[in-house]
Amino acid sequence: MSTPLSDDPQPSTVLANLAAAHKAWSRPDAQHKRMMIEQIAYAMAMRRGFAPGKELQDWLAAEAEVEDILKGEGFCGD
């Protein structure tokens with residue numbers, strides 16, 4: 544089951560879409576978690592016009608946001 548993602552590149556919109564999509568999972572596996580990180584990092588890069596040199600910062604920020612989402616849903620730190 545997939546949830547269509549919005550065309551809005553704002554990270555907050557991507558986060559909301561991904562959070563809604565992952566509620567159907569009992570516990571996100573590594574593949575789903577990586578997909579969430581990829582989507583958020585891509586939205587961050589798109590938002591800054593894909594200017595080079597900040598790919599690592601985008602990825603790390605996306606990882607942190609996904610961890611926050613999963614902690615808020617009770618999936619991390621069990």
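The sequence shown begins at 544 in this note's numbering and counts up one residue at a time. Yeah, the Cβ is synthetic: ideal placement off N, Cα and C, and Gly gets one too.
**Selected residue, minimal CA-CA separation from LEU613, among PRO571, TRP602, ALA588** = Ranking PRO571, TRP602, ALA588 by Cα distance to LEU613 puts PRO571 first.
**Asked** Exposed or buried, which one is LEU561 when buried takes at least 16 other CB atoms within 10 Å?
**Response** By the 10 Å Cβ count, LEU561 comes out buried.
**Request:** Thinking ALA563 and ILE580 are a contact (beta carbons under 8 angstroms), I'd like their distance in whole angstroms, please.
**Result:** Contact doesn't hold; Cβ gap of about 17 angstroms is too wide.
**Item:** Spatial distance of ILE583 from THR556 (CA atoms)
**Value:** The straight-line gap from Cα to Cα measures roughly 9 angstroms.
**Asked** For GLU598, does the count of other Cβ atoms within 10 angstroms reach 16, so buried, or fall short, so exposed?
**Response** Exposed, since its Cβ has fewer than 16 Cβ neighbours within 10 Å.
**Asked** Got a sec? Which residues, its chain only, sit under 7 angstroms from MET587 by beta carbon, not counting five neighbours each side?
**Response** Taking MET587 as the centre and dropping the five residues before and after it, the same chain places the C-beta of PRO554, ASP601, ALA604, ALA605 closer than 7 angstroms to its C-beta, in chain order.
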